[in-house]
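Taking it in order: structure first as structure tokens, then the write-up.
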Amino acid sequence: MQIVGDYCTISERATSLFLTAAKIKRRRAKSPIIQSPYGPIPMAYVGLLESRHLHPARIKVEKTETVVALRLIDASSNTIDHVQKLAGTIKRLTASSIQLKTIPEKLVCSLIYLTKLDLSDNKLGDASFPECMKNLEQLVDLSLANNKLSKFPVCLRKLQKLSRLDLSDNEISRDVGQMKSLVDLDVSDNKIGTLATDLFLLPNLDVFIACKNEITTVPSFTIRPHSKRRLKHVDLSDNRLTKFPGHLLQMVDKLDLCNNNIKSLPYHSIKKLDLNTDQTLLLKENPLTYPPSDVCESGLRCITSFFHESQSEVKVHQGVKLSIWDFCGHAFYMYPHYTFFEHPSVAILTFNMLDYSEATFQDHIGSWFDWMLAKTNKGAVVLVGTHCDKLDESQMRKVSTEVKARLTKHTDRQTQYIKDSIQEIEDRPHISPTLSEQLKMYRRLLQTKTIVVTDVVCTSSKTYLGFDKVRQSIENLVKDKQLFPRVMRVIPTFWLDVRHYVEDRGNSMSFPVLSWEEFQQEVTSRFGMKHLMRPIAQYLHEIGQILWFSSVPKLKDLVFIRPSWLLDLLRCFLRHDLDKVIFTPEDKLRCPELTTMKFDRLKKDAISHAMFDRDFFRCLLAPLMSLDNISITTDIMKLLAEGFELGFPVTKSNKEAAISALCKSESGLFNILTHLTIPWFIKDPEPDSFKIFWESLDQRHKLACCYKFPLYLPPGLFEVMCVRAHQEKHNLCFLHQWGGGIHAVRKQLNVHVLVTYFQDDHVDGCEVNVVKFEIRDGDFENDQQTSVVTMWSVLVPLLQEFEQLLEGYSGILVERFSECPHCRSASFVGEWMTTRDTQALTRRVCDVCGQEVDTRFLVQPREQKRVIIKRKPPAQTAATPSPSPLPEQLLSTQQPATTPSSSPLPEQLSS
Numbered sequence: 001m002q003i004v005g006d007y008c009t010i011s012e013r014a015t016s017l018f019l020t021a022a023k024i025k026r027r028r029a030k031s032p033i034i035q036s037p038y039g040p041i042p043m044a045y046v047g048l049l050e051s052r053h054l055h056p057a058r059i060k061v062e063k064t065e066t067v068v069a070l071r072l073i074d075a076s077s078n079t080i081d082h083v084q085k086l087a088g089t090i091k092r093l094t095a096s097s098i099q100l101k102t103i104p105e106k107l108v109c110s111l112i113y114l115t116k117l118d119l120s121d122n123k124l125g126d127a128s129f130p131e132c133m134k135n136l137e138q139l140v141d142l143s144l145a146n147n148k149l150s151k152f153p154v155c156l157r158k159l160q161k162l163s164r165l166d167l168s169d170n171e172i173s174r175d176v177g178q179m180k181s182l183v184d185l186d187v188s189d190n191k192i193g194t195l196a197t198d199l200f201l202l203p204n205l206d207v208f209i210a211c212k213n214e215i216t217t218v219p220s221f222t223i224r225p226h227s228k229r230r231l232k233h234v235d236l237s238d239n240r241l242t243k244f245p246g247h248l249l250q251m252v253d254k255l256d257l258c259n260n261n262i263k264s265l266p267y268h269s270i271k272k273l274d275l276n277t278d279q280t281l282l283l284k285e286n287p288l289t290y291p292p293s294d295v296c297e298s299g300l301r302c303i304t305s306f307f308h309e310s311q312s313e314v315k316v317h318q319g320v321k322l323s324i325w326d327f328c329g330h331a332f333y334m335y336p337h338y339t340f341f342e343h344p345s346v347a348i349l350t351f352n353m354l355d356y357s358e359a360t361f362q363d364h365i366g367s368w369f370d371w372m373l374a375k376t377n378k379g380a381v382v383l384v385g386t387h388c389d390k391l392d393e394s395q396m397r398k399v400s401t402e403v404k405a406r407l408t409k410h411t412d413r414q415t416q417y418i419k420d421s422i423q424e425i426e427d428r429p430h431i432s433p434t435l436s437e438q439l440k441m442y443r444r445l446l447q448t449k450t451i452v453v454t455d456v457v458c459t460s461s462k463t464y465l466g467f468d469k470v471r472q473s474i475e476n477l478v479k480d481k482q483l484f485p486r487v488m489r490v491i492p493t494f495w496l497d498v499r500h501y502v503e504d505r506g507n508s509m510s511f512p513v514l515s516w517e518e519f520q521q522e523v524t525s526r527f528g529m530k531h532l533m534r535p536i537a538q539y540l541h542e543i544g545q546i547l548w549f550s551s552v553p554k555l556k557d558l559v560f561i562r563p564s565w566l567l568d569l570l571r572c573f574l575r576h577d578l579d580k581v582i583f584t585p586e587d588k589l590r591c592p593e594l595t596t597m598k599f600d601r602l603k604k605d606a607i608s609h610a611m612f613d614r615d616f617f618r619c620l621l622a623p624l625m626s627l628d629n630i631s632i633t634t635d636i637m638k639l640l641a642e643g644f645e646l647g648f649p650v651t652k653s654n655k656e657a658a659i660s661a662l663c664k665s666e667s668g669l670f671n672i673l674t675h676l677t678i679p680w681f682i683k684d685p686e687p688d689s690f691k692i693f694w695e696s697l698d699q700r701h702k703l704a705c706c707y708k709f710p711l712y713l714p715p716g717l718f719e720v721m722c723v724r725a726h727q728e729k730h731n732l733c734f735l736h737q738w739g740g741g742i743h744a745v746r747k748q749l750n751v752h753v754l755v756t757y758f759q760d761d762h763v764d765g766c767e768v769n770v771v772k773f774e775i776r777d778g779d780f781e782n783d784q785q786t787s788v789v790t791m792w793s794v795l796v797p798l799l800q801e802f803e804q805l806l807e808g809y810s811g812i813l814v815e816r817f818s819e820c821p822h823c824r825s826a827s828f829v830g831e832w833m834t835t836r837d838t839q840a841l842t843r844r845v846c847d848v849c850g851q852e853v854d855t856r857f858l859v860q861p862r863e864q865k866r867v868i869i870k871r872k873p874p875a876q877t878a879a880t881p882s883p884s885p886l887p888e889q890l891l892s893t894q895q896p897a898t899t900p901s902s903s904p905l906p907e908q909l910s911s
């Protein structure tokens, strides 16, 4: 492309030239017009800056004209070569409507001074952007409208000066990337369903256009008081909003919500506004019922006046709020979501009718049904089959009938097992206290209060078939006063004020978690009524305004005042596809040098060793919050470790020190929380070196207690036990950890601890899940082995931890057994919680091997009375010195004659 011919004057400061490249070439070479892939070589536009009038009568100046703007309708190699010659001066490039499928790397690689780029009306896809796009560091304005993008181009995040971005008329379905320099963002006419949490908090954003999308809700976000600013215009018209995003009124001058599904405006969102507000609110084409549509369409001043004039004392009822908690259906999420499953609730159990078969029943339906019963042993379940549009009527009836029959058979088998166990205990001539407690548990399990709508509701997301039936089934269940006794109760009106205050408070916090004392102090200082705080908090929890797990011991002292924040937090790192997560560092993360290479290395550590570095957490949480303050990430890690018991702190993260990283420091404390090991991610097999070592302890003193789960073992129960075993009170130093076990040592006593999880065969051929606790003496230096009493002092606290965990699952069947030290069979009923009867005996006979076993290896020996030595204060010790410490044997009285000696050798176990 060469500039020849006559110039036409436009102004004193700029000159434009319109010529066809075909004419230029014909004048110089007198050759016929060359055809390009898109027809004749099209017209080119060149803008000249700092030019003078170039009338032929005037004498030309010596100053060279500067090309700053260029318009292309051709992307041939010849054209690109000429563009490269002008790259040193071009600032604006237009390449729209030229059928581009990819951006030629040669076209943009040298345009380092480009400030505006128009690539609209092409066929660009997600893979159309070359790596050299990051070189456009001066780019301010970019238009990618009317292309074929399905996601936000990752390369744009590196353009630090980009302030105007047009992504309208594409196929983007996920939220757009966030860049701190954006001032004007247009994502209209796409398929976006959710918006990024911090999108409205971009520091320079003035205009945000997202009309003609599929947005259903506007997320809550934190408004930082020190950086609060207003947006000029937000357009969310022609979407699927059902709830009025009142929090946007606190920061937007003009808000367009036309053509949505908003039915009412909440008073708490309007009452904060001034009657003489200059803000603009557009609500046309919404099915508004309150305030009336004519009031809403008259403007924000009329709406504000309506609310101020219509306040009256009315009764407020607690209705039903449909809050859907999608548990994804993937087995990986069975454990993390257990915390959120509670009573009362309605569970919608869905399965794919097209993929259903008799072999898949247990995985798709049976296991999830057991999962729900294990937590509460009661509830309401709606069975929903999907993809029914791909089946005919006969196939749908067949699948529905079979699912109903199989579910009935599944529950009947479990019920029959419990009844047979009850009968077996009742047929015994003597029922011990342990069996009596077991009998109570069996009878409690028979009192299940689960209502199952066994008639499968056939649905199709393609045709929306069956959705009305699902809604009707839910409505019928929530009307049951026994299941939902609080529905339609009258609540005090000031509770609504508390609700609105908590909502605003949550939106203003970057870490929206308060202790119970802080939450109670804030609410009572503003509203009083301290004696009603627990009912108010329970009400807010039931309607989804806060999360307060009052029945979970580790979480009952915490209040999450923005529930969506917690769900987003868990979603960021609890992922079954963690290996597919990618990270592109932004400007706000360059300070700590969080590069892509470092992220990949930390991700490898997390996947291989389940060790999550603090910087890795920061990268994963980047879409959720501002990570300028490292203390927030540390607080989140403490919350996950101490509150949800998802992991335990470690001191190192490098691969070579994976074993030593599990050991505590000599002081027993962790100085800085920089790494978390999350057992749920551990998939390593049992180490061969450990097997050899453990077999070498086979002839030493050993204790073994087993928990068997004949019907179902709740996911994550073993992993939480691993986390609790790392608590300082157990004083254990961990040596090995794998997917199904942990190995530790009590250094002061030289006693080795092993906790394992495995599956064993039951008498009827079914697999039974087993959690086993085992203690073995490891003191090879002394001829005399560690006493059994000492070994029980290490084992019993671990058993008590596991018993506390079991209390949180009222619907599981667990059986306790002690292992015979001779044949290694779990042949004795576990009586470590009710030890009185067995403590009175010297020996018991194993039903499997027939040998007699010292009862001290089955239950903890009876406590001995110890001489309490009272030491005098230091000032008096000079006059009356305290007695010297006595050996342990002298600090206790003699046991009864039936109690054996304290340190029997293995060969003395049998008579």
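Mapping of the sequence shown onto UniProt numbering: position 314 corresponds to residue 314, and the numbering continues sequentially without gaps. Ideal Cβ placement from N, Cα and C applies to all residues, glycine included.
| Query | Result |
| --- | --- |
| Residues near lysine 598 by beta carbon distance below 8 Å, same chain, minus five either side | Asp615 |
| Three-state class that DSSP yields for glycine 246 in the structure shown | helix |
| Pairwise C-alpha distance: lysine 603 and leucine 162 | 30 Å |
| 9 Å Cβ cutoff met for phenylalanine 773 and cysteine 706 | yes |
| Alpha-carbon spacing of proline 821 relative to leucine 795, whole angstroms | 16 Å |
| Per-residue DSSP class, three states only, for histidine 268 | helix |
| Residue environment, aspartate 600, which counts as buried when at least 16 other CB atoms sit within 10 Å | exposed |
| Closest residue to leucine 149 among Ile303, Val140 and Lys123 (Cα-Cα distance) | Lys123 |
| Span separating the alpha-carbon of serine 182 from that of arginine 92 | Residue identity check: residue 182 is leucine in the sequence provided, not serine. Each residue's alpha carbon lies about 19 Å from the other. |
| 9 Å Cβ cutoff met for isoleucine 262 and asparagine 286 | yes |
| Opening and closing residue of the alpha helix (DSSP H) in which threonine 838 lies | 836-839 |
| Inter-residue spacing [alpha-carbon to alpha-carbon] between glutamate 342 and proline 553 | 14 Å |
| Segment contact, 8 Å Cβ cut-off, at least three pairs: the region 686-704 with the region 798-814 | no |
| Segment contact flag, the region 472-488 with the region 236-248, C-beta cutoff 8 Å, min 3 pairs | no |
| 8 Å contact criterion, which valine 382 and isoleucine 431 should meet: CB distance rounded | Rounded, the Cβ-Cβ distance is 41 Å, inconsistent with contact. |
| Nearest-angstrom beta carbon gap, histidine 576 and phenylalanine 332 [assumed within contact, 8 Å] | 4 Å |
| Rounded straight-line distance, which links the Cα of aspartate 605 to that of aspartate 847 | 48 Å |
| Within 9 Å, strictly: CB atoms of glutamine 279 and aspartate 256 | no |
| Minimum C-alpha distance to alanine 744 - residue among Arg776, Asp760, Asp557 and Phe758 | Arg776 |
| Exposed unless 16 or more other CB atoms sit within 10 angstroms - verdict on arginine 856 | buried |
| Under 9 Å between C-beta atoms of valine 768 and proline 710 | yes |
| Three-state secondary structure assigned by DSSP to lysine 516 | In the sequence under discussion, the amino acid at residue 516 is tryptophan, which differs from the lysine named in the question. Looking at tryptophan 516 - three-state DSSP - the assignment turns out to be helix. |
| Extent of the continuous alpha helix (DSSP H) to which histidine 82 belongs | 77-85 |
| Presumed contact (8 Å Cβ cut-off) between glutamine 839 and arginine 862, rounded CB distance | 5 Å |
| Cβ neighbours of serine 227 in the same chain (closer than 6 Å, five flanking residues each side left out) | Caution applies to serine 227, whose pLDDT of 47 falls short of 50 and renders its modelled position unreliable; the value that the coordinates give is listed next. Once the five neighbours on either side are set aside, serine 227 has no close Cβ partner at all. |
| Contacts around valine 498, its chain only, beta-carbon distance under 7 Å, and the 5 residues preceding and following it disregarded | Val523, Phe527 and Ile536 |
| Contact with chain C by proline 153, beta-carbon distance below 9 Å | No chain C is part of this structure, which consists of one protein chain only. |
| Alpha helix (DSSP H) segments (min. 4 residues) lying fully within the region 350-424 | 367-376 |
| Cβ-Cβ distance between leucine 514 and valine 559 below 9 Å | yes |
| Member of Pro292, Thr835 and Ile561 whose CA lies at the smallest distance from the CA of aspartate 519 | In the sequence as displayed, the identity of residue 519 is phenylalanine instead of aspartate. Checking every option, the nearest Cα to that of phenylalanine 519 belongs to Ile561. |
| Three-state class that DSSP yields for phenylalanine 152 in the structure shown | coil |
| For cysteine 846, the three-state DSSP class (helix, strand or coil) | coil |
| Validate contact between the region 347-361 and the region 423-438 using beta carbons, cut 8 Å, 3 pairs | no |
| Cβ-Cβ distance between threonine 834 and threonine 434 below 9 Å | yes |
| Distance, threonine 463 Cα to valine 470 Cα | 14 Å |
| Sub-9 Å separation of threonine 304 and leucine 273 beta-carbons | yes |
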